[in-house]
Amino acid sequence: MILQNNTVLVVGANGRIGSVISKRLLEEGANVIAADITLQNLKNNEFGVYKDQFLKIEMDITNKESIEKAFEFALSKFGKIDSAINTSYPKGSEYGKHFFDVSYDSFTENLSLHVGGFFLFMQICAKYSLSSNQKFSLLNFSSIYGNIAPRFEIYENTDMTTPVEYAAMKSAIQHLSQYVSAFTKNSKFRVNCISPGGISDNQDAKFLAKYKKFSREKGMLDVEDLLGTVLYLISESSEYVCGQNIIVDDGFVV
Ligand SMILES: NC(=O)c1ccc[n+]([C@@H]2O[C@H](COP(=O)([O-])OP(=O)(O)OC[C@H]3O[C@@H](n4cnc5c(N)ncnc54)[C@H](O)[C@@H]3O)[C@@H](O)[C@H]2O)c1
């Protein structure tokens, strides 16, 4: 149990990736603060055995007061927070349209919510660490599409694509993580990114086959395939790793 006596704040804990991470952190002995704008998927019975290690909090990363309240509540229960993992996915109502159908307002709304939210959360985590002199490791979820242009050919004849907003959001998160790393040098705060490839979710078989051709062996990954890298980046094993982005994609981008 590599995270005994650690308290980890997971944002987006109601989601596909965040819920699996939360469960694994509990198994590794961590106290987990499961935060999300909605908590409907996090059933108490699933996490019941860990009830003393587990706290659910409704939190919106686009709202400063909401994040600050979550920190207060979490600190009143656990006394300190050692790390945070931001797996949230804020997006606007018009998110994901065809490139030529994306309006200026929709583009800027999506960037405002997603990049703005990740920025705000990073700022509050860094402030907490610096003001309390608390060691803190923050892990931001970016994506391979923050690193490379989409391989549009794999989406041909499907109703899927990589939205232009996504590319802008995810690349910005990588650069902001470096900015904040540079800004917080000489402190106990560090921030890194993980950039997963696609995660399996009952996608069309033809799409999966095309995706796999760019990969080494597996193609689309399961959330479980990310856990080793997630645990590494929030634990002491990566104590001197700062401002980095680790791509976990079975070789899709190379
Ligand atoms: N699933 C993939 O294939 C994949 C691949 C690469 C990167 N990612 C990234 O990983 C992260 C998690 O992806 P996922 O598939 O689990 O997404 P998801 O949509 O299943 O989960 C995201 C969670 O974020 C929450 N959320 C949305 N807005 C919020 C806000 N303002 N404040 C707090 N919580 C909010 C949602 O309620 C949801 O529970 C995302 O940032 C995504 O871009 C996902």
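Quick note on this note's numbering: the sequence shown kicks off at 166 and runs consecutively. From the three backbone atoms N, C-alpha and C, an ideal C-beta is built for every residue, glycine too.
Between Asp201 and Asn179 the beta-carbon gap is near 4 Å, inside 8 Å, which marks them as a contact. Less than 8 Å divides the Cβ of Ala333 from the Cβ of Leu276. Residue range Phe301 to Phe306 is occupied by the beta strand (DSSP E) that includes Asn305. Lys188 is classed as buried because its beta carbon has at least 16 other beta carbons within 10 Å across all chains shown. In terms of Cα proximity to Glu330, the closest of Gln205, Tyr269, Lys371 and Lys375 is Tyr269. Here DSSP, grouped into helix, strand and coil, assigns Lys350 to coil. Annotation: the continuous alpha helix (DSSP H) that includes Phe243 extends over Lys229 to Phe243. DSSP places Val185 in the helix class (H, G or I) of the three-state scheme.
Bounds of the beta strand (DSSP E) holding Thr172 are Thr172 to Val176. DSSP, read as helix, strand or coil, puts Cys358 in strand.
For Val267, the CB contacts under 8 Å within the same chain, skipping 5 residues up- and downstream, are Glu259, Pro328, Val329 and Glu330 in chain order. In this structure Tyr376 is in contact with Ile319, their Cβ atoms being roughly 5 Å apart against a cut-off of 8 Å. Residues close to ligand 1 by the beta carbon criterion (under 6 Å to any non-hydrogen atom) are, from first to last along the chain, Val176, Gly177, Asn179, Gly180, Arg181, Ile182, Gly183, Asp201, Ile202, Thr203, Met224, Asp225, Ile226, Thr227, Thr252, Ser253, Tyr254, Pro255, Gly282, Phe306, Ser308, Pro361, Gly363 and Ile364. Per DSSP, the unbroken beta strand (DSSP E) holding Lys221 starts and ends at Phe219 to Glu223. A buried status is given to Val176, since no fewer than 16 other beta-carbon atoms sit within 10 Å of its beta-carbon. For Ala314, there is no enclosing beta strand (DSSP E), as DSSP gives it neither H nor E.
Val280 sits close to Ala337, with the two beta carbons spaced by under 8 Å. Out of Val173, Ile364 and Lys335, the CA that lies nearest to the CA of Met385 is found in Ile364.
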